[in-house]
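Working notes, beginning with the structure itself.
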Amino acid sequence: MIKGINHKGFHVVDMERSLDFYCNKLGFKKAFELNQPSGEPWIVYVKVADGCFIELFYGGTEGVKNRAEHICFEVDDIQETAELLKKRGVPLEVEISKGMALNYQFWVLDPDGNWIEFMEMNPESPHMRS
1 MIKGINHKGF HVVDMERSLD FYCNKLGFKK AFELNQPSGE PWIVYVKVAD
51 GCFIELFYGG TEGVKNRAEH ICFEVDDIQE TAELLKKRGV PLEVEISKGM
101 ALNYQFWVLD PDGNWIEFME MNPESPHMRS
């Protein structure tokens, strides 16, 4: 049976730049790497939480991606998270607002133009009530 979501994958242009963003700016940890059978680098896994990873694939393209294809991180305190990211040099592309589902959210872009949403859940939101 399905237990949950294990990972989300992104193609990246510059692996070191992306690792700096996900590890030093967002605070995640590099977990492990996988190489192609030929020995060429293929994927670097970044650990978000126990059993939850971001896959960073080599061979990405520059440019802002479709916002519908994003990842969302749930946070305890939206204000605190936004301030911490700003201090670490991550600009908010979309400032904190209350979404249609009653949760507070803001958005940033990773170095490859992938949209990342941060969300503080409202107990009255449909997410929490379903």
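If you read the sequence shown in UniProt numbering, its first letter stands for residue 1, the second for the next number, and so on.
Note that beta-carbon positions come from the ideal geometry of N, C-alpha and C, so glycine has one too.
From a predicted model like this one, the values you see are computed outputs, not experimental measurements.
Own chain partners of residue i with C-beta closer than 6 Å, once the 5 adjacent residues on each side are dropped
{"i": "Gly99", "result": "Gln105"}
{"i": "Gly60", "result": "His11, Val12, Val13 and Asp112"}
Same chain, Cβ closer than 8 Å to residue i, five either side skipped, listed in chain order
{"i": "Met128", "result": "Met121 and Asn122"}
{"i": "Lys86", "result": "Leu92"}
Alpha-carbon to alpha-carbon, residue j and residue i
{"i": "Arg17", "j": "Phe57", "result": "13 Å"}
{"i": "Tyr45", "j": "Ile5", "result": "15 Å"}
{"i": "Cys52", "j": "Val64", "result": "24 Å"}
{"i": "Ile54", "j": "Ser38", "result": "23 Å"}
{"i": "His70", "j": "Pro126", "result": "20 Å"}
{"i": "Ser97", "j": "Gly9", "result": "27 Å"}
{"i": "Pro41", "j": "Glu62", "result": "19 Å"}
Classification of residue i by the beta-carbon crowding that lies within 10 angstroms, buried from 16 upward
{"i": "Ile78", "result": "buried"}
{"i": "Val48", "result": "buried"}
{"i": "Leu109", "result": "buried"}
{"i": "Asn103", "result": "buried"}
Validate contact between the segment 110-123 and the segment 64-83 using beta carbons, cut 8 Å, 3 pairs: When C-beta atoms of the segment 110-123 are compared with those of the segment 64-83, three or more pairs fall below 8 Å, so the two segments count as touching.
Complete runs of the beta strand (DSSP E) confined to the UniProt domain "VOC" (4-121) [at least 3 residues]: As far as the UniProt domain "VOC" (4-121) is concerned, its whole beta strand (DSSP E) runs of at least 3 residues are 7-12, 29-35, 41-49, 52-58, 71-74, 94-98, 104-109 and 115-120.
Three or more C-beta pairs below 8 Å linking the segment 20-29 and the segment 78-90: These segments touch.
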